[in-house]
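Student: Attaching a single structure in structure tokens format; questions to follow.
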Amino acid sequence: MADSSTRAGETTINVPPHESKSTKSKNHAIYTSITKATDPPHVQPAGRGWRRGVGIFDFILRICALVAALAAATTMGTTDETLPFFTQFFQFQAEYDDLPTFTFFVVAHAIASGYLVLSLPFSIVGIVRPHARGLKLLLIISDTVVLTFITSAAAAAAAIVYLAHNGNSNTNWLAICQQFTNFCQRVSGAVVASFIAAVIFIFLVLLSAVALSRR
């Protein structure tokens with residue numbers, strides 16, 4: 001706007017200087033840079049990347065445990081050996097289901113394998129939503145139950161395998177592994193795979209416990 005003033009019968013009109021386009025653009029650039037500098041930075045939730053890495057490691061461990069449990073169940077469940085003594089009508093045969101301990105071993109690891117398959121989608125949800133504490137609590141309880149299940153089966157089978165290899169002179173139990181070599185090798189391998197699965201479950205429980213303890 002133009003300012004007008006009257007002095008001694010004269011009228012004076014003051015016109016403000018014209019602001020050039022370059023000056024306007026410079027002022028706009030300065031204002032924009034100041035606004036961006038004062039805006040609060042975007043802050044991601046604390047520990048989100050770490051929790052997502054824990055979720056990915058949890059998923060990988062579950063796949064490894066599934067492979068070990070399946071190997072233990074299939075190896076034990078397909079173990080049998082027949083000794084060609086005398087004639088085909090008089091033979092010695094050893095199968096896993098001759099001993100209830102080995103039958104329990106197969107059932108326990110079949111259940112553990114099924115559980116691990118069902119837990120994989122929950123593990124994926126834990127990767128997508130790393131702050132879901134209720135899901136981690138459910139997994140740690142279920143993992144502990146299954147860990148107890150397969151550990152008891154592995155320990156019982158290990159005791160039978162030890163007797164098969166060494167026998168017990170106090171109870172007149174003879175070592176049979178000198179005759180049933182293939183049978184003993186397979187059941188021993190199944191027990192080793194079972195303990196590997198148990199160790200992986202221990203890591204799963206510890207991993208979930210650490211993830212729950214850190215906020």
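So that you can map any letter, position 210 of the sequence shown is 210 in the UniProt record's numbering, and since no number is skipped, the others follow by simple counting.
The C-beta atom is built at its ideal place from N, Cα and C for all residues, glycine as well.
Computed from a predicted structure; not experimentally measured.
(1) Please tell me whether R52 and P130 are closer than 7 Å, where the distance is taken between their beta carbons.
(2) In three-state terms, what does DSSP make of N172?
(3) Can you give, in chain order, each stretch of the alpha helix (DSSP H) that sits fully within the UniProt domain "Casparian strip membrane protein" (52–199) and has at least 4 residues?
(4) Check the C-beta distance from I56 over to I111 and give it rounded, since I have them as a contact under 8 Å.
(5) Applying the criterion that 16 or more other CB atoms from any shown protein chain within 10 Å of the CB defines a buried residue, is F201 buried or exposed?
(6) Is the beta carbon of F59 closer than 7 Å to that of S123?
(7) Any contact between the segment 60–77 and the segment 186–193? By contact I mean 3 or more CB pairs, one from each, below 8 Å.
(8) Using a Cβ-Cβ cutoff of less than 7 Å, which residues in the same chain neighbour C177 once the five nearest sequence positions on both sides are dropped?
(9) Does the distance from the CB of T78 to the CB of I160 come in under 7 Å?
(10) Within a Cβ cutoff of 7 Å, which residues of the same chain sit near L137, ignoring the five residues on either side of it in sequence?
(11) Is the beta carbon of A65 sitting closer than 7 Å to the one on L116?
(12) Can you list, in chain order, the residues of its chain whose CB lies under 6 Å from that of T103, leaving out five sequence neighbours each side?
(13) Assuming S208 contacts I140 (C-beta within less than 8 Å), just tell me the rounded distance between them.
(14) Suppose the cutoff is 6 Å on Cβ atoms and the five residues either side in sequence are ignored; what does the same chain contact list for V106 look like?
(15) Go ahead and label residue 233 buried or exposed: buried means 16 or more other beta carbons lie within 10 angstroms of its beta carbon, across all protein chains shown.
(16) For L206, does the count of other Cβ atoms within 10 angstroms reach 16, so buried, or fall short, so exposed?
(17) Quick one, which of G167, L118, A154, N170 has its alpha-carbon nearest I63's?
(18) Only counting the same chain, and skipping five residues up and downstream in sequence, which positions put a Cβ closer than 8 Å to that of V125?
Tutor: Reading it off the structure:
(1) Contact flag set, yes.
(2) When DSSP states are grouped into helix, strand and coil, N172 belongs to the coil group.
(3) The alpha helix (DSSP H) runs lying completely inside the UniProt domain "Casparian strip membrane protein" (52–199) and spanning 4 residues or more are 100–128, 133–166, given in chain order.
(4) Rounded, the Cβ-Cβ distance is 26 Å, inconsistent with contact.
(5) Buried, since its Cβ has 16 or more Cβ neighbours within 10 Å.
(6) Yes, the Cβ-Cβ distance between S123 and F59 is below 7 Å.
(7) Cβ pair count under 8 Å is three or more, so yes.
(8) Same-chain partners within the cutoff: A164, H165, C184.
(9) A distance of 7 Å or more separates the beta carbons of T78 and I160.
(10) Here the set comprises L212.
(11) It is a contact, given that the beta carbons lie within the stated cut-off.
(12) So the list reads D97, once near-sequence residues are dropped.
(13) S208 to I140, Cβ: 4 Å. Contact.
(14) Close CB contacts of V106 within its chain, under the 6 Å cut and outside five residues either way in sequence, are with A73, M76, G77 (chain order).
(15) Only positions 1 to 215 of the chain appear in this structure, which leaves residue 233 out of reach.
(16) Under this definition L206 is an exposed residue.
(17) It is L118 whose Cα lies nearest to the Cα of I63.
(18) Only residues of its own chain outside the window of five on either side were considered, and among them A132, L135 have a CB closer than 8 Å to the CB of V125, listed in chain order.
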